[in-house]
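Engineer: Here it is: the structure, laid out below.
Residue numbers (the numbering used here): -15 to 44.
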């Protein structure tokens, strides 16, 4: 992936993360099961971390 593609992927993941976090808040407020949403957020956090490392390498 080139630098622009990495930046685009990071932006997409951040937007999706915010959306899922909002959904999680709604689920919690209604007493619903939030394990799947929490697991998805954890996966996204790891992916963001990996992408940021790739971006740092691309900038080096």
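Virtual Cβ for every residue (Gly too), placed ideally from N, Cα, C.
1. List the endpoints of the continuous alpha helix (DSSP H) containing residue -15.
2. Locate the alpha helix (DSSP H) running through residue 43, then write down its first and last residues.
3. Taking Cβ to Cβ, would you say residue 32 is nearer than 8 Å to residue -6?
4. Cβ atoms of residue 21 and residue 11: under 8 Å apart, would you say?
Structural biologist: If we stick to the structure as given:
1. Walking along the chain shown from the start, residue -15 turns up at place 1. Neither: residue -15 is in no alpha helix (DSSP H) and is coded neither H nor E.
2. Reading the chain shown from its first residue, position 59 is the one you call residue 43. Counting along the chain, the alpha helix (DSSP H) containing residue 43 begins and ends at 19 to 43.
3. For the purposes of this step, residue 32 is identified with residue 48 of the chain shown, where counting begins at 1. For the purposes of this step, residue -6 is identified with residue 10 of the chain shown, where counting begins at 1. Yes; because the gap between Cβ atoms is below 8 Å, this pair is in contact.
4. Stepping through the chain shown from its first residue, residue 11 is reached at position 27. Stepping through the chain shown from its first residue, residue 21 is reached at position 37. At the C-beta level, residue 11 and residue 21 come within 8 Å of one another.
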